[in-house]
Amino acid sequence: MTSPSAQTVNLTIEGRPVSVPAGTSILEAAKAAGVLIPHYCYHPGLPVAGVCRMCLVDVEKAPKLAPACATSVAEGQVVRVHTEKALVARQGVLEMLLINHPLDCPICDQAGECELQDYTYQEGRAEGRYREPKRFNPVEDFGGDVIYVANRCILCTRCVRFMDDVVHHPILNVSERGDRAVIGKFEGEDMTHPWAGNVIELCPVGALLSKDALNKARAWELDRAASVCPNCSQGCNVMMEARDNTIVRMRPRPNEEVNKYFMCDHGRLNYRWLNRRDRVDVPMVRQGATLAGCDWDRALAEAARIAAGKRVFVLASPMLSNEALFLLSEIVRRSGGAGAFRVATGPESPLAGVEDLALRADRAANVKGAELLGFVRRERPLEGLGAGDVLLVADEELVGEDASGAAKAGATIVVGTTLPFWARHTAAVVLPIANMSEEEGTFTNIRGRVQRYTQVKAAPGFARPSWFVVADLMTALGGTPITGGLPSDVFAALSAARPEFAGMSYDGLGMRGAMIAGAMAEASA
Amino acid sequence: MGYPHKPHARETPVLSQYFGDSDARTLDGWRTRGGYAAFERSLGMAPADIVSVVKDSGLRGRGGAGFPTGVKWSFMKPGDGKPHYLCCNADESEPGTFKDREIMRWTPHALVEGCAIGAHAIGAETAYIYIRGEFTEPIARMEAAIKEAYAAGILGKNAMGSGKTVNVWVHRGAGAYICGEETALMNSLEGRRGNPRIKPPFPAVAGVFGQPTTINNVETLVAVPPILNNGADWYKKFSRSDNPKSTGTKLYSVCGNIARPGNYEVPMGFPFKDFLYDLCGGPLPGRKFRAIIPGGISVPIQTVSEAEASLMDYEGFVAQGTMLGSGGVIVVDDAQNLVKFIARAARFFAHESCAQCTQCREGTAWTTKILERIAAGEGTTEDLDTLLEIADNMTGKTICVLSDSCATPVVSGLKKFRSDFESLIKKKTHHLVPAVA
Amino acid sequence: MSIREMGGVEAPADTSHGRHGEPHQPVFVGTRKQELDELLTRYPSKMAALLPALWMVQHDRGWVSEDAMAEVAGLLDLTPAYVKGVVTFYTMYHQHPVGTYFVQVCTTSPCQVCGAEEVVEAFLRHTGCQELGVTSPDDKFTVIEVECLGACGFATPVMVNEDFIESVTPEGVAELLSRYK
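Chains as they are written, first to last, in the numbering used here: chain A, 1 to 525; chain B, 1 to 437; chain C, 1 to 181.
Written out as structure tokens, the structure reads:
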């Protein structure tokens, strides 16, 4: 044991010794000790309110139960969570939270992921004793993506505090008082702030719900995967949730270094493109005026035949993974070609209360990765296309004059999730790939953080992960094959080849990511 | 007899000396009665010396908690470079209590002076008097007095020529009992909902506007000028010989079913029996006392025998199962339905709950519904057990004590007057089909 | 003694304007604005002037409309939703227009045992309101039960607008109301 320093406090929680920095709350110290203290109003991303009174714990020698969220640790403190006294107090809170609750779990979207359900099941009374009429308030549309079911509300005020202290846009309030109190807003001031949707996850019960996700799935029907939001270069960590191979919801996944506990509404609500049904699901080669389906070997052989000895110009999507982009850059390098990309942009919307968190102007996940891997960002990406080059379009669409610019190419190979309209008459080979929700890989965010995303649903038909397809293509074009058959093997090759990624391993990234070499130096400088 | 009657011979009118004397309201009138002499003297004293006189006097907070005033003042660290504030709690809202109202109506300058001395003693340049919104006349009286005091140079940038800044302002509440809780008062003063704050930090560290703050009740502050004028020893004499912990005179408001309701001022340790029968005239003709609450509706209900055995000071009431509280004496006689009385008290708390803590927001309303059902003859014996369990859940578990206050009359009522509840349950004519919660 | 007799706070001079849905005329113009500016000098934060500002609105308009909340919010650098949260906390601010005379009868326990309920009934009967919280057909009166007015020794205390009247009995209601016709 180390001796207690001025900054560290040693205490015991449920018999487990734990050392935490001075000023830590008992609730956070308990987390560190692996003990969950039930709570509602407390949230690590919000100021402490101490109002739900659910986190009452027994502190040795204290006359009264202490709210764990609002009580700082003290040296030698002995905290007990599961004493009779504390249990009875929490049962009392649970009973009171339910007396006016409609108990409509069977039709509530929150069911299955509801903390009121969980804690009641865990330690609540089997039956309530409330025999009086229940309070009733109407359901209210809060605007934006938010709907408020007041009858289920437990007045924890997480949503109010989020809008006040994190968004700095206080448009939610607690209205009225006593048992008449509800979460209120002002007529005409809707929850349309770009970050307002976070109140949906912050709500521990089924009071604030997403209109977008309403009634789409029960929580237990969802397939979930840890992922990264692909909709801008911030790289917010998310959970992607799918039902029947269709994404129905995207929610923030905590990452202290990137997005804390939040994500913006633009990111949150932009998942439908991942569910497109007009997908290319079979490799194709040109046969006269039409593209004909074929097997992978045939398509890859055709691609190799077309590109043999030619300069390859790659137009890549900044939505592709580091792995796919790395392999594409290898194709470029070997053929003496060039690579370019372009980025859709929009207004930047920062979250006021969190440093360096914003909906970024660049609305693509891997702009930084594309740049690092040698792709040139251009408004007109086909500018560098030489006459007679093989144009390799990787998951990108061409519109307007760019499409006509493509005519300069000697031949066109499309690697994509969908078949662009212009390519129907010009593409020589089409190689179908999975979209990011159907594969795994890494993105590099705006600050140079390399983060993994994982697969949540299956790719259609014969489509394969992008890194897999590009690796095959690279090999077909004469490149050195990647040993092993996993994305981690591609990443290992990437980190061996590129100094920015040196020293990183796929496993080492974990689910929180790691900074590229240059960015680390920048950060520590 | 106490105000609105002439003082009873056994009263000790120190604070209430000029109740009913409309001349005392004006600055001139107040000065001829010795007003502002204490403030003038205090301006020549070191703040620490004022604090020590108040400490020596044994003065304790008259709002309900009874915390020693001098000790509270000594928490304000001089020279910390921060602005200090004094808040005067004139949100008098505890049912049964109406003493501060009379102080402000009749002797507004006494409060201005008390605030000015208090502000100087704690190193504050500004004192806010937070008066409940319903007190229209006290507000007007206080504002008139403050205006006079500014015009006469007693308040302002150069208070009484001392070179010190002493500002006193009235801040009007708008209908919220909870704003009498000190941290809720501070929130209200800042323009927020009157929600009590979690402590720590305590007001002396981070109070109103985030700065060190002291909050004192009206009656506490008006006791300060007489203490400075007459000395701590003089004040300490108003106590019983065997209890030096409670000193000074105390104003009691008396209401309910009693012959002469009103305000009475007696020294600490006065026999409650004499107070009730002699000073206040006992029960109404043909009635008997049934239950007595001596310190505002938040303190435990006493039986008549408990009340008759009580000595009127902080410790004396505790010895008889209740508390001095705010000194609001509520008397209920045998012609009343005590359950209905308690149900109405619970409804008060349900109405006034700020809605922050779960047990209070839901518990006060639930308790009210059960009690009203029992009072209406629809109760069951299980309800009584439920009431006690709810009360237990509401006690000692919330940010402030409003929740506890709602539980108190229920618990003490059921403990001491259970038969009142049971007789209503037995009379029950039909049974409601219970809804399942 | 009432505030009115003392030349203190007056009942709203005109409650015929400012119904729901009518265009909002700003409250804080001219001397009202000056008063607010003067008030702001008493506090280290603008927000602290919120309760006094709302009192000014209610004094001038008889109630606090949502438009007025928005006006106050703008003046004090707050959001309307914040102001509404505060307004709804304090029971003395009217969120809807009320009768010319707003009658509040204390019925909390100490007054209840002294017969406050009969006083309430007398008011409902004599004003023609019939029901608590409902404005009389002639728009003159709104009667509500109020929690402890802090004058328990003078049961039953009643407030009519800013007038504070002590020791009201059921029998005295008719005479009292005659002063407000």
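We put the CB at the ideal spot given by N, CA and C, even for glycine.
Where residue i falls: helix, strand or coil (DSSP)
i              : result
A496 (chain A) : helix
L279 (chain B) : helix
L372 (chain A) : helix
A111 (chain A) : coil
F491 (chain A) : helix
C152 (chain C) : helix
V282 (chain A) : coil
I227 (chain B) : helix
C179 (chain B) : helix
P17 (chain A)  : strand
Nonlocal neighbours in the same chain, by C-beta distance under 7 Å from residue i, ignoring five residues either side
i              : result
T439 (chain B) : An answer regarding residue 439 (chain B) cannot be provided, because it is not within the stretch 1 to 437 covered by chain B.
A346 (chain B) : T364, T367, T368, L371, C406, V410
H126 (chain C) : V173, A174, L177
E182 (chain B) : N89, P203, I215
M69 (chain C)  : P80, V83, K84, V87
Whole-angstrom distance between residue j and residue i, CA atom to CA atom
i              : j              : result
F463 (chain B) : A119 (chain B) : No statement about residue 463 (chain B) is possible, as the shown extent of chain B runs from 1 to 437 and does not include it.
G163 (chain B) : T214 (chain B) : 23 Å
Y526 (chain A) : F102 (chain C) : Any answer about residue 526 (chain A) is impossible in this case: the structure gives chain A only from 1 up to 525.
V312 (chain A) : L269 (chain A) : 36 Å
V87 (chain C)  : R61 (chain C)  : 15 Å
Y235 (chain B) : E166 (chain C) : 34 Å
M319 (chain A) : H84 (chain B)  : 57 Å
I516 (chain A) : L327 (chain A) : 18 Å
N366 (chain A) : D395 (chain A) : 13 Å
K157 (chain B) : T126 (chain B) : 11 Å
R92 (chain A)  : T71 (chain A)  : First, the residue type needs correcting, since residue 92 (chain A) is Gly and not Arg in the sequence shown. For G92 (chain A) and T71 (chain A), the distance between alpha carbons rounds to 20 Å.
L185 (chain B) : E143 (chain B) : 19 Å
A370 (chain A) : R218 (chain A) : 38 Å
F417 (chain B) : L384 (chain B) : 12 Å
A122 (chain C) : V168 (chain C) : 10 Å
V57 (chain A)  : V20 (chain A)  : 18 Å
E11 (chain B)  : N243 (chain B) : 20 Å
G377 (chain B) : L36 (chain C)  : 53 Å
R452 (chain A) : G416 (chain A) : 21 Å
Nearest candidate by alpha-carbon position, reference residue i, set the options
i              : options                        : result
R251 (chain A) : A:R277, A:R224, A:Q234         : A:R224
G557 (chain A) : C:D67, C:V120, C:G150          : Absent from the model: residue 557 (chain A). The displayed extent of chain A is 1 to 525, so no value can be given.
R276 (chain A) : A:A49, A:K457, A:K310          : A:K457
L398 (chain A) : A:L382, A:V146, A:I200         : A:L382
C153 (chain A) : A:G410, A:F162, A:R180         : A:R180
A335 (chain B) : B:R344, B:S74, B:G286, B:Y18   : B:G286
G479 (chain A) : A:A307, A:R363, A:A409, A:S505 : A:A307
G66 (chain B)  : B:G396, B:N217, B:V401         : B:N217
N322 (chain A) : A:D165, A:P230, A:V450         : A:V450
A226 (chain A) : A:I247, A:A338, A:M163         : A:I247
P137 (chain C) : C:C129, C:K33, C:V146          : C:C129
V54 (chain B)  : B:V170, B:W73, B:T398          : B:W73
Contacts around residue i, its chain only, beta-carbon distance under 6 Å, and the 5 residues preceding and following it disregarded
i              : result
C280 (chain B) : V254, I258, R260
I413 (chain A) : A303, L392, V429
Same chain only: Cβ atoms within 8 Å of residue i, ignoring 5 sequence neighbours per side
i              : result
E75 (chain A)  : P4, V9, N10, L11
L214 (chain A) : D109, I147
M56 (chain C)  : V27, F28, R32, E35, L36
Query raised in the report: Of the residues that make up the region 123-146 of chain A, which ones have a beta carbon closer than 9 Å to any beta carbon in chain B?
Result: Taking 9 Å as the Cβ-Cβ cut-off against chain B, the residues of the region 123-146 of chain A that qualify are E127, G128, R129, Y130, R131, E132, P133, K134, R135.
Query raised in the report: In the region 48-64 of chain A, which residues sit with their C-beta less than 9 Å from some C-beta in chain B, listed in chain order?
Result: Under the 9 Å Cβ criterion, the region 48-64 of chain A contributes V48, A49, G50, V51, C52, R53, M54, L56, P63, K64.
Query raised in the report: Taking any Cβ of chain C, which residues in the region 128-152 of chain B have a Cβ under 7 Å from it, in chain order?
Result: Residues passing the 7 Å Cβ filter: R132, G133, E134, F135, T136, E137, A140.
Query - Contact residues within the region 345-376 of chain B, judged by C-beta distance below 8 Å to chain A - result: Taking a C-beta cut-off of 8 Å against chain A, the contacting residues of the region 345-376 of chain B are A350, H351, E352, S353, C354, A355, Q356, C357, T358, Q359, R361, E362, G363, T364, A365, W366, K369, I370, R373, listed in chain order.
Query raised in the report: In the region 65-88 of chain C, which residues sit with their C-beta less than 7 Å from some C-beta in chain A, listed in chain order?
Result: Answer in chain order: E66, T79, P80, A81, Y82, K84, G85, T88.
Query - Interfacial residues, the region 27-47 of chain C to chain B, with Cβ spacing under 7 Å - result: Legend: CB atoms of the region 27-47 of chain C lying less than 7 Å from CB atoms of chain B belong to residues R42, P44, S45, M47.
Report task. Scan the region 76-97 of chain A for residues whose Cβ lies nearer than 7 Å to a Cβ of chain B and list them as they occur along the chain. Result -> The region 76-97 of chain A vs chain B, Cβ under 7 Å: A89, G92, V93, M96, L97.
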